[in-house]
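Reading through the structure tokens given below for one structure.
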Amino acid sequence: MELNPAQKEAVLTPCGPLLVLAGAGTGKTRVVTLRIAELIRRGTRPSRILGVTFTNKAAAEMQQRVSARLGRRRKEKPEISTFHSLCVRILRRRIEKLGYPSQFAIYDRGDQESIARGVLREIKAAEAVLRPSDLLFLIGNWKTACLRPDEAANLAQTDREHLAAAAYRRYQGALRAAGAVDFDDLLLLTEEVFRRFPDVRREEAVRFDHLLVDEYQDTNGSQYRIVRGLAAPHRNLCVVGDDDQSIYGWRGAEVAHILGFKKDWPDAKVVRLETNYRSTHQIIAWANTLIAFNKQRHGKLLRATLAGDRPRILQFNTAEEEAEAVVEEIRSRIHDKKCRARDIAILYRTNEQPRQFELELRRLNVPYVLIGSQSFYDRKEVRDILAYLKVFQNPRDE
Numbered sequence: 000m001e002l003n004p005a006q007k008e009a010v011l012t013p014c015g016p017l018l019v020l021a022g023a024g025t026g027k028t029r030v031v032t033l034r035i036a037e038l039i040r041r042g043t044r045p046s047r048i049l050g051v052t053f054t055n056k057a058a059a060e061m062q063q064r065v066s067a068r069l070g071r072r073r074k075e076k077p078e079i080s081t082f083h084s085l086c087v088r089i090l091r092r093r094i095e096k097l098g099y100p101s102q103f104a105i106y107d108r109g110d111q112e113s114i115a116r117g118v119l120r121e122i123k124a125a126e127a128v129l130r131p132s133d134l135l136f137l138i139g140n141w142k143t144a145c146l147r148p149d150e151a152a153n154l155a156q157t158d159r160e161h162l163a164a165a166a167y168r169r170y171q172g173a174l175r176a177a178g179a180v181d182f183d184d185l186l187l188l189t190e191e192v193f194r195r196f197p198d199v200r201r202e203e204a205v206r207f208d209h210l211l212v213d214e215y216q217d218t219n220g221s222q223y224r225i226v227r228g229l230a231a232p233h234r235n236l237c238v239v240g241d242d243d244q245s246i247y248g249w250r251g252a253e254v255a256h257i258l259g260f261k262k263d264w265p266d267a268k269v270v271r272l273e274t275n276y277r278s279t280h281q282i283i284a285w286a287n288t289l290i291a292f293n294k295q296r297h298g299k300l301l302r303a304t305l306a307g308d309r310p311r312i313l314q315f316n317t318a319e320e321e322a323e324a325v326v327e328e329i330r331s332r333i334h335d336k337k338c339r340a341r342d343i344a345i346l347y348r349t350n351e352q353p354r355q356f357e358l359e360l361r362r363l364n365v366p367y368v369l370i371g372s373q374s375f376y377d378r379k380e381v382r383d384i385l386a387y388l389k390v391f392q393n394p395r396d397e
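Each residue of the sequence shown is one higher than the one before, counting from 0 in my numbering.
Spelled out as structure tokens, the structure:
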């Protein structure tokens, strides 16, 4: 598939700050991959290019696509990783500046809960109003907002928040005493070492000539500051994202970062990818109409390349009615041989929703597989209860 004009502009823009506003299904990953390949074709050494994304899966896919473009013979490759992996490497080299050992441990959720329980036992008043999970939730929010214990204490308004801030201080002390950090610390401490030691930030930044950041609308405060610090010397920063897809505000993402990119980098070039290759015309038209109600956004109007039937929108009063109607429609299509069961998918928003569909699918004997979650009937507590009920029904059932 050839590049459309907007994609080509995003790939070929050589230097300087670049904002690529990539709507859903507009070929964003392909553009990023080809941009990296084009930079290398023009003479940039692969190892001088840093690509950063949010998930291991996305990083692996990008690395695989770039490697396929460059060919297996080329041993030198660009550095493509998640924010957290990048920060681990930086901290292994630099964290001693903050008083931690370079071979620090990274504590998982179980380790964190163990420390939280110990801290709460030390602060009896906090133990009375906070569970370990509550404390870790608050600490995670504070770290995402780049708030240290002192800052959290200053902003605390309720007795519960003051107690949690005191526990946060002891939690961090316990981590430091163990020579350990938690997952959120990887970002927070990298931002801190950059802020407190400008020479360290410059040394890390000049390792690269180009920085590309995927899903920029999902960056939190620490990630935003890290990106700006790494891009400052060369200013060859390409960020790709879509303010219309900013859905992670609940975990600290700030859409203001992508909305304010031109303010941060006044000479930035802005390229809009607006041709959608994934959805039909009617779906795109509805999406454009809905998102237009969002007033704080970059102007963007998606266009579809695919034709298709007009989607149906059905409304129900209860979850039971919804499940009955959907499963009956599925059963009818399979019975009339319009499609196979394996060709149908039910997408749900929360982990509580599959239960009603499972009940109805079982009632009508429609085969199904639950993906990305555990079946309600396979949960340990449910299986135990069902086993007891079977015994009551048939005491001879072993």
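Backbone N, C-alpha and C define an ideal beta-carbon position, used for all residues, glycine too.
Owing to the predicted nature of the structure, the values given are computational and were not obtained by experimental measurement.
My output table needs one value for residue i: the three-state DSSP class, helix, strand or coil.
i, result
"Ser331", "helix"
"Leu346", "coil"
"Thr288", "helix"
"Asn235", "coil"
"Ile384", "helix"
"Ala179", "strand"
"Val212", "strand"
"Leu129", "coil"
"Ser221", "helix"
"Val365", "coil"
"Arg358", "This sequence places Leu at residue 358; Arg is not what is there. Note: Leu358 maps to helix in three-state DSSP."
"Leu186", "helix"
"Gly139", "helix"
"Glu78", "strand"
"Ala58", "helix"
"Ala252", "coil"
"Ile370", "coil"
"Ala204", "helix"
"Gly240", "strand"
"Ile257", "helix"
"Ile94", "helix"
"Ala398", "This structure leaves residue 398 out entirely; the chain is present only between 0 and 397."
"Ala124", "helix"
"Phe391", "helix"
"Ser113", "helix"
"Arg88", "helix"
Which same chain residues end up closer than 6 Å to residue i when comparing Cβ atoms and leaving out the 5 residues on each side of it in sequence?
i, result
"Gln62", "Ile79"
"Ala21", "Lys27, Val239, Asp241 and Leu272"
"Arg34", "Val10"
"Ser245", "Gln216 and Val254"
"Ala23", "none"
"Cys14", "Asn235"
"Val19", "Ala9, Val239 and Val270"
"Arg64", "Thr32"
"Ala58", "Thr52, Ile79, Ser80 and Thr81"
"Pro131", "Glu112, Ala115 and Arg116"
"Ser46", "Glu75"
Going along the chain, which residues of its own chain have a beta-carbon closer than 7 Å to the beta-carbon of residue i, five neighbours each way excluded?
i, result
"Val205", "Pro232"
"Leu38", "Ile48 and His209"
"Pro148", "Ala164, Tyr167, Arg168 and Gln171"
Count the other CB atoms within 10 Å of the CB of residue i; is the residue buried (16 or more) or exposed (fewer)?
i, result
"His334", "exposed"
"Lys142", "buried"
"Val368", "exposed"
"Ala291", "exposed"
"Ala125", "buried"
"Thr81", "buried"
"Pro353", "buried"
"Pro16", "buried"
"Val270", "buried"
"Phe136", "exposed"
"Phe315", "exposed"
"Ala230", "buried"
"Leu211", "buried"
"Leu313", "exposed"
"Ser278", "buried"
"Cys338", "exposed"
"Phe207", "buried"
"Gly298", "exposed"
"Leu90", "buried"
Going along the chain, which residues of its own chain have a beta-carbon closer than 8 Å to the beta-carbon of residue i, five neighbours each way excluded?
i, result
"Leu300", "Glu273 and Asn287"
"Asn293", "Asp243"
"Leu174", "Tyr106, Ile114, Val180, Asp181 and Asp184"
When every heavy atom of the ligand FMN is checked, does at least one fall within less than 8 Å of the C-beta of residue i?
i, result
"Thr52", "Looking for the ligand FMN in the displayed structure turns up nothing, as the structure carries no ligands at all."
Between residue i and chain B, is the shortest Cβ-Cβ distance under 9 Å, so that the two count as touching?
i, result
"Asp198", "Absent here is chain B; the protein component of the structure consists of one chain."
- Only counting runs of 3 or more residues, tell me where the beta strand (DSSP E) segments fall wholly within the region 260-327, in order along the chain. Within the region 260-327, the complete beta strand (DSSP E) runs of at least 3 residues are 268-272, 274-279 and 302-305.
- Message: Which complete beta strand (DSSP E) runs does the region 146-181 hold, if anything under 3 residues is left out?
- Response: You should have found no qualifying run.
- Item | the region 155-170 in contact with the region 94-103 per 3-pair CB rule at 8 Å | Contact between the region 155-170 and the region 94-103 is absent, because fewer than three Cβ pairs lie under 8 Å.
- Task: Tell me, please, whether the region 246-253 touches the region 262-279 by the rule of three or more beta-carbon pairs shorter than 8 Å.
- Result: Contact fails between the region 246-253 and the region 262-279, because fewer than three Cβ pairs, one in each stretch, are under 8 Å apart.
- Query: On the three-pair Cβ rule with 8 Å, is the region 322-341 touching the region 356-373?
  - Reply: Yes, the region 322-341 touches the region 356-373.
- Message: Under 8 Å, with one C-beta from each stretch per pair, do the region 256-266 and the region 216-227 reach the 3-pair mark?
- Response: Flag = yes, the region 256-266 and the region 216-227 touch.
- Task: Count the CB pairs spanning the region 102-109 and the region 176-185 that are closer than 8 Å, and state whether there are at least three.
- Result: As far as the Cβ criterion goes, the region 102-109 touches the region 176-185, which means the pair count is three or higher.
- Task: Counting only runs of 4+ residues fully inside the region 13-52, write out the alpha helix (DSSP H) ranges in chain order.
- Result: DSSP runs (the alpha helix (DSSP H)) wholly in the region 13-52: 27-40.
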